[in-house]
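If you use our numbering, the sequence shown corresponds to residues 250 to 392, in order.
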Amino acid sequence: MKDKERIVEDINGVIKLLSDTSELDAKIIELQNKMEVISGLVDKLIKENTRTTQDQARFARKYEELSVQYEMDKNALDKTLEKRAYKQAQEIKMKAYLEEIKKADNYLPEWSNDVWMLMVEKATVHRDKTITFRFTSGTEVTL
């Protein structure tokens, strides 16, 4: 807590980065649009197959190609949605951490579970009995 102003400034910078999901939002819209187009093509393909006599092997091949592309786009969409949700959850954690830091004096006179829980993203216990702490700032410390 020696440099509280700098810490608060750094946290605000991280929050600003986390709150910007415009790139992910654009990718989500793009993938949703692609999936809509593919869905329309599949509908058109099926309707055409029911109205006219066609080579069924060609129909099956085209249907499979569209289905594979749709699934690939759906998987990409799911991953992008997960990334955005993770980023938003991290933003919420950082805002809570910031509030705790603002409330604290220049030092913490006693242990604070709240501050600790907000600071540590995860802890990994290794076979050699060391522990690696990964902090929300991205810093890792092994003890």
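Ideal Cβ placement from N, Cα and C applies to all residues, glycine included. Only a predicted model underlies this, so the values are computations on that prediction, with no experimental measurement involved.
Pair within 7 Å by beta-carbon distance, residue i and residue j
i: SER268; j: GLU340; result: yes
i: THR381; j: THR388; result: no
i: ARG310; j: THR270; result: no
i: LEU280; j: LEU347; result: no
i: MET343; j: ILE260; result: yes
i: THR329; j: LEU266; result: no
i: ILE287; j: TYR319; result: yes
i: LYS283; j: ASP322; result: yes
Alpha carbon of residue i to alpha carbon of residue j, nearest angstrom
i: LEU392; j: GLY289; result: 56 Å
i: VAL263; j: TRP365; result: 18 Å
i: THR302; j: VAL291; result: 17 Å
i: ASP304; j: GLU285; result: 26 Å
i: VAL369; j: LYS336; result: 16 Å
i: ASN298; j: SER316; result: 16 Å
i: THR379; j: LYS351; result: 32 Å
i: ASN324; j: GLU258; result: 37 Å
i: ARG307; j: ARG300; result: 16 Å
i: ARG376; j: ARG383; result: 17 Å
i: ALA338; j: ILE277; result: 18 Å
i: THR385; j: ALA275; result: 26 Å
i: GLU314; j: VAL390; result: 48 Å
DSSP beta-bridge partners of residue i
i: PHE384; result: VAL369
i: THR391; result: THR381
i: VAL374; result: ILE380
Closer than 6 Å: residue i CB and nearest the ligand MN heavy atom
i: MET321; result: With respect to small molecules bound, the structure shown includes none, and the ligand MN cannot be examined in it.
Item to check | Residue ranges of each alpha helix (DSSP H) within the stretch 265 to 337, 4 or longer | outcome: 271 to 300
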